[in-house]
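Read the structure below first, then the notes.
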Amino acid sequence: MSEFVRVASVAEIPPGTSQEVVAGNRVVAIFNVDGEFHALDGICPHAGGPLAQGKVVGGVVACPWHGWQYDLKTGRNCVNANINAGCHAVRIQGDDILLEVS
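Taken in order, the sequence shown gives residues 231 to 332; the numbers are from our numbering.
See the structure below:
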């Protein structure tokens with residue numbers, strides 16, 4: 231059964247930034263793109279790079295280690311749709327950012 235857990239406040243992740251958090255037993259990267267929050271598994275499926283440290287352009291994050299790119303809305307790799315970084319539901323409740331964990 232999944233539930234939503236608080237992982238940060240909205241003020242902690244201003245527009246144009248990202249942050250690595252732990253939700254349940256997972257490392258998750260949260261991105262604020264113009265006030266819209268997205269969450270992917272924080273570890274790149276390619277070689278374990280920290281996705282929260284990647285550069286975001288046009289709704290796509292590039293892993294800082296090898297440049298593999300993932301769509302922030304789906305978690306899918308931009309070259310091979312069979313590779314997925316794992317996407318997590320995000321809710322904003324008041325000033326809190328909540329992530330769905332199972």
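The beta carbon of each residue, even a glycine, is placed where N, CA and C say it ideally should be. Computed from a prediction, not measured in an experiment: that's the story for all the values here.
Query                                                                                                                                               : Result
Tell me, to the nearest whole angstrom, how far the beta carbon of V290 is from that of L302; I am working on the premise that it is less than 8 Å. : 7 Å
Figure out for me which residue from V252, G272, W298 and H318 has the closest Cα to the Cα of V237.                                                : V252
For the beta strand (DSSP E) containing Q323, name the first residue and the last one.                                                              : V320 to Q323
Tell me where the beta strand (DSSP E) around V251 begins and ends.                                                                                 : S248 to A253
What number of angstroms, rounded off, separates the C-alpha of F234 from the C-alpha of V309?                                                      : 31 Å
Once DSSP output is grouped into helix, strand and coil, what is the label at V235?                                                                 : strand
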